[in-house]
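Worksheet for the structure shown next.
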Amino acid sequence: MARYDYACGRCGVFEVVRPIDAPVHEPTCATCGGAATRVYAPPVITSPHSALRRARDAAEASAHEPAVLHRMPAPPRRHAHPPNPLHARLPRP
Ligand SMILES: [Zn+2]
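Heads up, the sequence shown is in full-length UniProt numbering, so the first residue is 1 and it goes up one at a time.
Spelled out as structure tokens, the structure:
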């Protein structure tokens, strides 16, 4: 089941819970029966310690207080691990 937010012009935002594979339709307001439109919101991140959360917090913090580098960052390594010898047998253009 997924939760979707809809907005009614008179009553405000309300939530509809339906299967994620259900056909998309614009529901009517449960209070007044008027037309409702979909409201899009950022996804809810449930784990406050996830890598995504840390990356998002770092990106947001860097917008206000950019990190100061005291030296140039190391160049990226070409191969983090030895190349696979089977790749040499692959056809070349
Ligand atoms: Zn309404």
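We treat Cβ as the ideally placed atom computed from N, Cα and C, and that holds for glycine. Nothing here was measured: the structure is a model prediction, and the numbers come from that model.
Distance CB(residue i)-CB(residue j) smaller than 9 Å
i: Ala35; j: Thr28; result: yes
i: Arg53; j: Tyr4; result: no
Start-to-end residues for the alpha helix (DSSP H) that takes in residue i
i: Arg56; result: Ala51 to His64
Alpha carbon of residue i to alpha carbon of residue j, nearest angstrom
i: Met72; j: Ala58; result: 20 Å
i: Pro93; j: Ser50; result: 42 Å
i: Tyr6; j: Ala55; result: 29 Å
i: Glu65; j: Val24; result: 42 Å
First and last residue of the uninterrupted beta strand (DSSP E) at residue i
i: Arg92; result: From DSSP, Arg92 is part of no beta strand (DSSP E); its letter is neither H nor E.
i: Arg18; result: Gly12 to Arg18
Cutoff 8 Å; reference residue i; Cβ partners in own chain excluding five residues on either side
i: Ala2; result: Val17, Arg18, Pro19 and Ile20
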